[in-house]
Amino acid sequence: MLAYIIRRILLMIPTLFGIMVINFVIIQVAPGGPVEQIISELRGTAVDPTSRFSGTGSDIQGGQQQSQQTGGNASSRYRGAQGLDPEIIAQIEKQFGFDKPLHVRFFNMLRGYIVFDFGESLFSGRRVVDLVIDKMPVSISLGLWTTIIMYLVSIPLGIAKATRDSSRFDIWTSGFIIGLSAIPGFLFAILLIILFAGGSYFQWFPLRGLVSDDWREMGPFELVIDYFWHMALPLFALIIGSFAGLTMLTKNSFLDQIHNQYVVTARSKGLKERQVLYGHVFRNAMLIVIAGFPAAFIGILFTGALLVESIFSLDGLGLLGWEAVIKRDYPVIFGTLYFFTLLGLAMRLVGDIAYTIVDPRIDFEKRAV
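For the numbering used here, count along the sequence shown from 1 and bump the result up by 32.
Now the structure itself:
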C-alpha cells in the first residue's frame, strides 16, 4: 500500500500542473481583469469600487488629471482606456505584473506555488496564504461537520430502509427525504433565518458569524457551546439538501448485496440477521458509499457552502473565491483553486485508503494506478 500511496502522490504533480494550465488560460482570455478594474475606478465607472490599489495610486490619479488636461487620446487594448496616457496604463500593468509575457507570469506563479507562496491579493494587499488561513476554519467547519453528520444520518437510515424495503417505514421516509432534498439549500437557509434567527418569529440562533464577539472571554466549554450554536442553522441548511442522495445510495447498495447468494448461504448456516448484515453485507455495500466521500466533502466545502456562507455572513473560502472571480483578483483565484485541487486529490487518496480498511481484500498494489 505504501508504494501505491507514493505513486498517487507523485501523480498529483502533473495533475496539478494540467489543471493550473487550463484554468490560467481560461482566466486570461476571460473579459475584464484587474487592469480594467483600476481603469474603471479611475474613471469612476467601477460597479464595485472596493479595491485598495496602493503604492503608486496618487501618481496614477495625477497622471490621469494631466492626461485629461493635455487631451491624451492613446489607443489601448483595454476596454475603457481611451483618453488615458499610455504611461498610466504601463504603470498599472507594472504594478500588477502584467508587463511580463504570459508564459513568464505563469512559470513565476508555479515557482512560488512549489513553496506555497501564492503572492499577494491585487486589491486587498494581503498575502493569499494569510487570506486562505483566515477563511479556512469556516469552510473546514462547514464541510467537515456537514459530511460527518450526513454520513451518520444517511447510512443508518439507508440500512433501515433496505431491511424494511417496501414497508410503510420505507415509503414515508422516502417521501420525506425526497421532499426535503427538493428544497434548495439557500432557500431553506432563508427560511431558517425567518423562523429561528429573528427574521419574523423566534430569535433562538445568531444570524451571522462563527463565534460570538466575546468568545475570547469564554471558557473551553462555553466556547464549544457557542461554536455549535452559531453552526446549527448553516449545518442544518446544508445537510437537508445533501443526505437524500446518500441515503438512497446506501439503501440500494445494501439491497443489491442482500439478494446475493453469499447472504443466503450465511443465513442457512444459522447466523443471526445482525451478523449477516454487519458481518458480511456491510463490508461490500459500503464500498460505493465510501467512494463518494471525497466528492461529497469537496462539493460541500466549496460549491455547496458558497450561498450558505453568504446568507449567514460566514467568511469562508467559497465566498473568498467567488469574490476573487468577480474582481479578477488572479492571485486569490489561483491560490484558492490550487488549495481546493490539492485537497480534492488528497481526499481521493484518503478514499482509496478507506477502501482497504473496509475491505482488506482490496489490494491496490496489484493493479495499475
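Quick reminder that beta carbons are idealized off the backbone N, C-alpha and C, glycines included.
Three-way DSSP call (helix, strand, coil) for Ala328 in this model: Against the sequence shown, residue 328 aligns to sequence position 296. Note: Ala328 maps to helix in three-state DSSP.
Inter-residue Cα distance where the pair is Gly104 and Glu119: The residue given as residue 104 occupies position 72 in the sequence shown. The residue given as residue 119 occupies position 87 in the sequence shown. Unreliable placement is indicated for Gly104, whose pLDDT of 43 sits below 50; no coordinate value is reported for it.
Where the alpha helix (DSSP H) containing Asp258 begins and where it ends: Here residue 258 refers to the residue found at position 226 of the sequence shown. Per DSSP, Asp258 belongs to the alpha helix (DSSP H) from 252-272.
Backbone secondary structure at Ala214 - three-state DSSP: On the sequence shown, position 182 is the one that residue 214 refers to. DSSP places Ala214 in coil when its eight states are reduced to three.
Cα-Cα separation, Asp347 to Gly175: Sequence index remark: in the sequence shown, residue 347 carries index 315 (1-based). Sequence index remark: in the sequence shown, residue 175 carries index 143 (1-based). In a straight line, the C-alpha of Asp347 is about 14 Å away from that of Gly175.
Cβ neighbour criterion (16 or more within 10 Å) applied to Phe372: As a position in the sequence shown, residue 372 is number 340, starting the count at 1. It counts as buried.
Identity of the residues DSSP links to Met229 by a beta bridge: Sequence index remark: in the sequence shown, residue 229 carries index 197 (1-based). A quick correction: the sequence has Ala, not Met, at residue 229. Gln235.
Own chain residues within Cβ distance below 7 Å of Met250, not counting five before or after: To locate residue 250, count along the sequence shown from 1; it is residue 218. Asp258, listed in sequence order.
C-alpha distance - Leu377 paired with Trp177, whole-angstrom precision: By 1-based counting over the sequence shown, the position of residue 377 is 345. By 1-based counting over the sequence shown, the position of residue 177 is 145. For Leu377 and Trp177, the distance between alpha carbons rounds to 20 Å.
Where Asp91 falls, given that 16 or more other Cβ within 10 Å makes a residue buried: In the sequence shown, residue 91 corresponds to position 59, counting from 1. In this prediction, Asp91 scores a pLDDT of 43, lower than 50, which makes its location untrustworthy; the coordinate-derived value is nonetheless stated afterwards. Flag for Asp91 reads exposed.
8 Å contact criterion, which Gly241 and Ser345 should meet: CB distance rounded: Here residue 241 refers to the residue found at position 209 when the sequence shown is read from its first residue. Here residue 345 refers to the residue found at position 313 when the sequence shown is read from its first residue. So it is a contact: roughly 6 Å between Cβ atoms.
Cut-off 8 Å between Cβ atoms - residues of its own chain near Leu267, not counting five sequence neighbours on either side: For the purposes of this step, residue 267 is taken as the residue at position 235 of the sequence shown. Closer than 8 Å at Cβ, skipping near neighbours: Leu174, Trp177, Thr178, Ile181.
Pair within 7 Å by beta-carbon distance, Leu339 and Phe220: If you number the sequence shown from 1, residue 339 lands on position 307. If you number the sequence shown from 1, residue 220 lands on position 188. No, Cβ-Cβ distance for Leu339 and Phe220 is not below 7 Å.
Backbone CA spacing between Val243 and Ala264 [nearest angstrom]: Against the sequence shown, residue 243 aligns to sequence position 211. Against the sequence shown, residue 264 aligns to sequence position 232. Cα to Cα, the separation comes out at about 12 Å.
Straight-line gap, Phe49 to Phe366 (C-alpha atoms, nearest Å): Indexing the sequence shown from 1 puts residue 49 at position 17. Indexing the sequence shown from 1 puts residue 366 at position 334. So the two alpha carbons sit approximately 12 Å from each other.
Residue nearest to Gly287 in terms of C-alpha spacing, selected from Ala192, Ile330, Ile322: Indexing the sequence shown from 1 puts residue 287 at position 255. First, the amino acid is wrong: residue 287 is Leu here, not Gly. That would be Ala192, whose Cα lies nearest to the Cα of Leu287.
contact_flag[the segment 316-324, the segment 347-357] where n(CB pairs < 8 Å) is 3 or more: no
Within 7 Å, strictly: CB atoms of Thr282 and Ile187: Locating residue 282 in the sequence shown gives position 250, counting from the first residue. Locating residue 187 in the sequence shown gives position 155, counting from the first residue. Against a cut-off of 7 Å, the Cβ pair of Ile187 and Thr282 comes out as a contact.
For Val296, the first and last residue of its enclosing alpha helix (DSSP H): The residue you call residue 296 lines up with position 264 of the sequence shown. Val296 -> alpha helix (DSSP H) spans 293-300.
Short Cβ contact (7 Å threshold) for Val164 with Gly151: For this step, residue 164 is matched to residue 132 along the sequence shown. For this step, residue 151 is matched to residue 119 along the sequence shown. For Val164 and Gly151, no; Cβs fall outside 7 Å.
Status (buried if at least 16 other CB within 10 Å, exposed otherwise) for Asp361: Translated into the one-based positions of the sequence shown, residue 361 becomes position 329. Label assigned to Asp361: buried.
Alpha-carbon to alpha-carbon, Ile45 and Ala194: Position 162 of the sequence shown, counted from the first residue, corresponds to residue 194. Position 13 of the sequence shown, counted from the first residue, corresponds to residue 45. So the alpha carbons of these two residues sit roughly 42 Å apart.
Beta-carbon separation (whole angstroms), Ala386 vs Phe325, contact threshold 8 Å: As a working mapping, residue 386 is identified with position 354 in the sequence shown. As a working mapping, residue 325 is identified with position 293 in the sequence shown. Confirmed, about 7 Å.
For Pro81, three-class secondary structure by DSSP: Your numbering for residue 81 matches position 49 in the sequence shown. In this prediction, Pro81 has a pLDDT of 38, which is less than 50 and means its spatial position is unreliable; nothing more can be read from the coordinates.
Burial state of His135 (16 or more Cβ within 10 Å): Here residue 135 refers to the residue found at position 103 when the sequence shown is read from its first residue. Counting Cβ neighbours within 10 Å, His135 comes out exposed, since fewer than 16 surround it.
Chain-order list of residues whose beta-carbon lies under 6 Å from that of Tyr233 (same chain, five-residue window excluded): Residue mapping note: residue 233 aligns to position 201 of the sequence shown, counting from 1. Answer for Tyr233: Leu227, listed in chain order.
Cβ shell of Leu212 (< 7 Å), same chain only, five flanking positions each side left out: Within the sequence shown, residue 212 is the residue found at index 180, counting from 1. So the qualifying residues of the chain are Ile272, Ala276.
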